[in-house]
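Following our numbering, the numbering of the sequence shown begins with 4 at its first residue and continues without gaps. For each residue, glycine too, the CB sits at the ideal point set by N, CA and C. Right, one structure below, let's go through it.
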Amino acid sequence: MGPIIRIALRYGVGGIIGYEVGSQLASDPDVVAVTTVAATAAVGFVTEGFYLLAKRLGWRT
4 MGPIIRIALR YGVGGIIGYE VGSQLASDPD VVAVTTVAAT AAVGFVTEGF YLLAKRLGWR
64 T
């Protein structure tokens with residue numbers, strides 16, 4: 004997951020601010036760690052949200 008986040012940071016920030024700042028952020032382990040935790044939490048919340056929706060609508064779970 005870390006390499007994917009690092010690549011996303013590099014190209015996302017590189018497109019907005021510039022390549023040099025994107026490389027600095029992507030190589031910072033603290034930024035990568037925080038972004039990885041945030042992405043993991045977001046996936047977890049979305050998964051649980053769909054589970055609750057399925058339960059509420061009577062779908063198979």
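Whole-Å CB distance - residue i paired with residue j, under 8 Å assumed
{"i": "Thr106", "j": "Ile8", "result": "Outside the shown range of the chain, which is 4 to 64, sits residue 106, and nothing can be said about it."}
{"i": "Arg13", "j": "Ala29", "result": "4 Å"}
Alpha helix (DSSP H) segment containing residue i, residue limits
{"i": "Arg59", "result": "Pro32 to Leu60"}
Backbone CA spacing between residue i and residue j [nearest angstrom]
{"i": "Pro6", "j": "Leu55", "result": "31 Å"}
{"i": "Gln27", "j": "Trp62", "result": "46 Å"}
{"i": "Ala42", "j": "Phe53", "result": "17 Å"}
{"i": "Leu60", "j": "Asp31", "result": "44 Å"}
{"i": "Ala11", "j": "Val40", "result": "14 Å"}
{"i": "Ala44", "j": "Glu23", "result": "28 Å"}
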